[in-house]
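Notes follow once the structure below has been shown.
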Amino acid sequence: MLKIENLHVDVDGTPILKGIDLEVRAGEVHAIMGPNGSGKSTLANVLTGRDGYEVTQGKISYRDRDLFALSTEERAREGIFLAFQYPVEIPGVSNLYLLKAALNSKRKHLGLGELSAVEFLKLIKEKVKLVQMKEEFLHRSVNQGFSGGEKKRNEILQLAVLEPLLAILDETDSGLDIDALKIVAHGVNSLRDAERAIIVVTHYQRLLDYIVPDYVHVLANGRVVKSGDKELALELEKHGYTQLVQSSGEGAARSAGA
Amino acid sequence: MTDPVRQSYVDSHRSVAQRLPGSAQPWLRRVREAGLSRFNNVGFPTLRDEDWKYTDVRVIAKQPFLPVLDPGDGVDGERLRPLSFAGLESHRCVFVNGHYAPHLSALGTLADGIVVDNLATVLNQQPRELEGELGRSAPGELHGFAALNTAYLMDGAYVRLGRNCELELPIELIYVSTGTDDNRRVTYPRNLIIAESGSRAVIVERFVGLGQNRYLTSAITEVIAGPSAHIDYYKLQEESQRAYHVHGLYLEQARDSAVTTNNIALGAAIARTDIQVSLAAPGTCSKLNGLYIGTGKQHIDNHTQVDHRSPHCISDEFYKGVLDGRARAVFHGRVVVHQDAQHTDAQQQNKNLLLSPNAEVDTKPQLEIYADDVKCSHGATVGQLDPDAIFYLRSRALDESTARNLLTYAFANDVINRFALDPIRRAMEGRLVSKLLHGQQLEDLA
Ligand SMILES: Nc1ncnc2c1ncn2[C@@H]1O[C@H](COP(=O)(O)OP(=O)(O)OP(=O)(O)O)[C@@H](O)[C@H]1O
Ligand SMILES: [Mg+2]
Numbered sequence: 063m064l065k066i067e068n069l070h071v072d073v074d075g076t077p078i079l080k081g082i083d084l085e086v087r088a089g090e091v092h093a094i095m096g097p098n099g100s101g102k103s104t105l106a107n108v109l110t111g112r113d114g115y116e117v118t119q120g121k122i123s124y125r126d127r128d129l130f131a132l133s134t135e136e137r138a139r140e141g142i143f144l145a146f147q148y149p150v151e152i153p154g155v156s157n158l159y160l161l162k163a164a165l166n167s168k169r170k171h172l173g174l175g176e177l178s179a180v181e182f183l184k185l186i187k188e189k190v191k192l193v194q195m196k197e198e199f200l201h202r203s204v205n206q207g208f209s210g211g212e213k214k215r216n217e218i219l220q221l222a223v224l225e226p227l228l229a230i231l232d233e234t235d236s237g238l239d240i241d242a243l244k245i246v247a248h249g250v251n252s253l254r255d256a257e258r259a260i261i262v263v264t265h266y267q268r269l270l271d272y273i274v275p276d277y278v279h280v281l282a283n284g285r286v287v288k289s290g291d292k293e294l295a296l297e298l299e300k301h302g303y304t305q306l307v308q309s310s311g312e313g314a315a316r317s318a319g320a
Numbered sequence: 007m008t009d010p011v012r013q014s015y016v017d018s019h020r021s022v023a024q025r026l027p028g029s030a031q032p033w034l035r036r037v038r039e040a041g042l043s044r045f046n047n048v049g050f051p052t053l054r055d056e057d058w059k060y061t062d063v064r065v066i067a068k069q070p071f072l073p074v075l076d077p078g079d080g081v082d083g084e085r086l087r088p089l090s091f092a093g094l095e096s097h098r099c100v101f102v103n104g105h106y107a108p109h110l111s112a113l114g115t116l117a118d119g120i121v122v123d124n125l126a127t128v129l130n131q132q133p134r135e136l137e138g139e140l141g142r143s144a145p146g147e148l149h150g151f152a153a154l155n156t157a158y159l160m161d162g163a164y165v166r167l168g169r170n171c172e173l174e175l176p177i178e179l180i181y182v183s184t185g186t187d188d189n190r191r192v193t194y195p196r197n198l199i200i201a202e203s204g205s206r207a208v209i210v211e212r213f214v215g216l217g218q219n220r221y222l223t224s225a226i227t228e229v230i231a232g233p234s235a236h237i238d239y240y241k242l243q244e245e246s247q248r249a250y251h252v253h254g255l256y257l258e259q260a261r262d263s264a265v266t267t268n269n270i271a272l273g274a275a276i277a278r279t280d281i282q283v284s285l286a287a288p289g290t291c292s293k294l295n296g297l298y299i300g301t302g303k304q305h306i307d308n309h310t311q312v313d314h315r316s317p318h319c320i321s322d323e324f325y326k327g328v329l330d331g332r333a334r335a336v337f338h339g340r341v342v343v344h345q346d347a348q349h350t351d352a353q354q355q356n357k358n359l360l361l362s363p364n365a366e367v368d369t370k371p372q373l374e375i376y377a378d379d380v381k382c383s384h385g386a387t388v389g390q391l392d393p394d395a396i397f398y399l400r401s402r403a404l405d406e407s408t409a410r411n412l413l414t415y416a417f418a419n420d421v422i423n424r425f426a427l428d429p430i431r432r433a434m435e436g437r438l439v440s441k442l443l444h445g446q447q448l449e450d451l452a
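Protein chains in written order, with my numbering: chain A, 63 to 320; chain B, 7 to 452.
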């Protein structure tokens with residue numbers, strides 16, 4: 063579904079991603095972990111086509127197409143969804159409006175008709191229940207005045223409504239209490255099937271108890287320094303990143319010296 | 007040596023003075039003469055005037071505009087039909103090129119104690135009724151345009167709401183201007199609205215241009231709100247693209263009165279509105295909502311001044327502007343809390359959205375407080391659409407232009423939602439779509 067090869071990305075002329083290789087197949091869940099500033103959100107932003115990230119080398123294919131040929135909105139319509147680490151507040155646009163506009167835009171692209179008001183409301187009510195949100199949140203401006211946890215849950219509501227093929231969750235667990243974490247995990251897991259893939263960016267093993275990954279990757283200094291299965295996350299929880307990061311630093315020094 | 011344009015306004019006044027309505031009345035002659043001599047002294051404002059330093063009216067001042075003495079014809083019901091707001095039933099008073107047009111008006115039935123008439127008729131037939139009232143709430147030192155309006159005042163609306171009278175339907179005053187092909191006409195609409203104690207009404211004042219002629223509208227609206235009167239006032243300015251529009255709205259509020267002014271500016275090449283509110287008795291509440299949308303090379307200037315002269319008064323001002331192209335806007339909001347005005351609650355906000363790098367706004371919120379026990383705040387912002395919000399919406403499958411339109415719409419909708427009159431709100435949404443969103447209809451955001 064997603065194949066990233068030798069991806070190098072600069073931000074403001076500074077290399078941030080320095081040769082990432084990652085393959086995600088349909089049906090899989092990948093967790094990406096790694097220290098602050100290692101490039102996890104950068105990778106997520108590149109996948110969604112945000113401005114300001116210059117790809118200097120490498121390629122990404124998504125469902126056998128060149129991802130870079132697609133605009134942000136085309137990627138969304140083709141099934142890519144990013145749950146943001148820092149969801150944006152949009153005063154004056156209600157949650158309900160955004161959900162409807164987003165869903166219909168996607169359906170239109172896929173050649174499906176727009177949902178009627180009744181069908182839409184039925185769907186939304188179902189999804190709101192799934193993420194255990196109060197319905198009044200639908201009528202509030204997108205994320206405006208939401209608590210940190212409410213914003214994250216709102217991202218999962220959007221995810222549940224848009225049913226993406228490739229969902230990327232960027233630290234959706236940060237700032238969630240244990241109950242909210244379970245709800246979010248439940249929302250994500252209910253999407254899990256053989257057609258879809260999920261990338262979970264997190265700092266905490268705890269989330270991975272609920273969304274159990276097939277693979278875990280450690281990103282440090284803009285590179286994947288280690289990949290493994292879910293045991294790797296447990297190991298990291300115990301020993302931290304220090305050892306891994308150091309060895310990657312050495313690697314970088316060596317290649318620079320060569 | 008006086009300048010020849012100024013002189014020509016004075017000269018032409020001499021030749022028309024006898025033909026102005028109520029010209030036989032000494033008191034009215036004095037009012038007009040005072041206006042004329044004021045104009046003769048100050049002329050048109052220049053960039054050196056503190057209150058006009060961002061609004062250059064030299065193009066207006068360089069050649070004399072001539073008063074329209076007859077309404078002229080050419081405007082019939084057919085041409086007015088598209089101007090109606092869907093769903094708005096009203097007591098309608100139409101003026102064409104500054105003169106009352108009875109065949110286009112529909113006053114309907116008015117309850118006892120309520121007068122809606124045109125000023126020229128009243129000045130000719132019962133001039134006494136207006137003595138001491140006309141000009142009462144206007145400031146002592148009129149600027150040149152307002153002085154000219156007073157010198158030439160010819161026609162406009164006269165509304166009187168008797169004690170405890172309530173109007174169910176809004177009064178709609180429509181000033182239609184066509185100009186003439188010489189592009190040199192000026193009209194001087196003048197309104198006097200007196201709401202006696204306990205009365206209630208909604209008043210919608212509209213300035214509409216038909217055609218492409220250049221013309222000048224120099225208008226004054228005086229509103230005197232008596233004790234406990236409630237007035238909801240709307241101004242919707244949609245002059246033609248080449249027109250010049252200058253309007254003073256002078257508002258005097260008595261004890262416990264509540265007035266909301268909703269000031270919407272969409273049209274004209276140069277538009278200037280002055281709103282002056284005097285809160286002269288305790289317990290008054292004044293809300294000032296404003297929305298201005300400039301495109302092309304429009305210049306839109308709004309000056310508001312709220313004088314808190316008495317304790318326990320509330321003012322709440324909220325103005326928003328959206329500017330595209332090379333449009334330029336000025337917002338100058340002055341709130342003065344005088345020494346005796348303890349327990350004043352005065353809020354003021356001005357927010358601007360620039361959609362183009364060439365659009366510009368000068369905003370000057372100004373708060374002067376001479377009392378010590380008050381609750382006041384003010385603020386102004388100028389910004390562009392939030393790129394993070396655009397990206398967020400695009401990441402949710404909305405295309406870029408829809409994202410931009412949606413955010414623009416949401417910005418303006420914030421003040422449109424304050425307009426209590428439903429048909430106006432809906433009409434404004436339509437205007438927004440056609441003026442800013444390149445015709446893209448968006449569904450209800452709620
Ligand atoms: N717009 C930018 N300008 C300059 N540097 C940037 C910009 N965006 C990201 N960076 C830098 O890129 C590096 C990677 O940032 P990124 O947000 O991808 O880290 P992260 O792995 O998501 O960290 P965290 O765990 O704290 O969320 C950081 O050093 C950050 O400062
Ligand atoms: Mg991050």
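Idealized CB from N, CA, C, for every residue including glycine.
- The alpha carbon of Arg190/B has as its nearest neighbour, out of Leu438/B, Pro73/B and Val265/B, the alpha carbon of Pro73/B.
- When Cβ-Cβ separations below 8 Å define contact, Leu297/B makes no contact with chain A.
- His97/B has Ile177/B as its beta-bridge partners, per DSSP.
- The C-alpha of Val11/B lies about 26 Å from the C-alpha of Phe213/B.
- For Thr127/B, the enclosing alpha helix (DSSP H) begins and ends at Leu125 to Gln131.
- Look at the beta carbons and you see the region 239-257 of chain A touching the region 209-228 of chain A: at least three pairs across the two are nearer than 8 Å.
- Against chain A, the CB of Ser401/B has a partner CB under 8 Å away; the residue lies at that interface.
- Between Leu438/B and Ile270/B, the alpha-carbon positions lie close to 11 Å from each other.
- Contact between Cys291/B and Val343/B is ruled out by a C-beta separation of about 15 Å, above the 8 Å threshold.
- Excluding five sequence positions before and after His105/B, the CB atoms of its chain that fall closer than 6 Å to its own CB belong to Pro77 and Asp161, given in chain order.
- DSSP places Thr234/A outside both helix and strand once states are collapsed to three, so it counts as coil.
- Tyr298/B: member of the beta strand (DSSP E) spanning Cys291 to Gly300, first to last residue.
- Taking a Cβ-Cβ cut-off of 7 Å, the neighbours of Ala164/A in chain B comprise Arg402, Ala403 and Leu404, given in sequence order.
- A distance below 6 Å between beta-carbons, with the five flanking residues on each side excluded, links Gln355/B to the following residues of its chain, in chain order: Phe324 and Gly385.
- The three-state secondary structure of Gln194/A, taken from DSSP, is coil.
- With a threshold of 8 Å between beta carbons, Leu160/A makes contact with chain B.
- With a cutoff of 8 Å on beta-carbon distance, Pro153/A and Gln119/A are scored as not near each other.
- Following the DSSP letters along the chain, one finds Met434/B inside the alpha helix (DSSP H) bounded by residues Asp428 to Lys441.
- Ile270/B is bridged by DSSP to Leu242/B and Leu297/B.
- CA-to-CA, the gap between Leu79/A and Leu144/A works out to about 19 Å.
- Excluding the 5 residues flanking it on each side, Gly81/A has same chain C-beta neighbours closer than 8 Å at Asn68, Leu69, His70, Gln119, Gly120, Gly284 and Arg285, in chain order.
- Following the DSSP letters along the chain, one finds Gln355/B inside the beta strand (DSSP E) bounded by residues Thr350 to Leu360.
- By alpha-carbon distance to Ser289/A, the top candidate from Ile94/A, Pro77/A and Thr76/A is Ile94/A.
- Between Pro371/B and His349/B the beta-carbon gap is near 21 Å, outside 8 Å, which marks them as no contact.
- In this structure, Leu224/A keeps its C-beta atom at 8 Å or more from the C-beta atom of Ala163/A.
- The closest heavy atom of ligand 1 lies less than 7 Å from the beta carbon of Lys102/A.
- Nearest neighbour of Arg220/B by Cα position, chosen from Tyr240/B, Ser183/B and Arg142/B, turns out to be Ser183/B.
- In the three-state reduction of the DSSP assignment, Glu212/A falls in the helix class, which pools H, G and I.
- Around the CB of Asp82/B, fewer than 16 other CB atoms lie within 10 Å, so the residue is classed as exposed.
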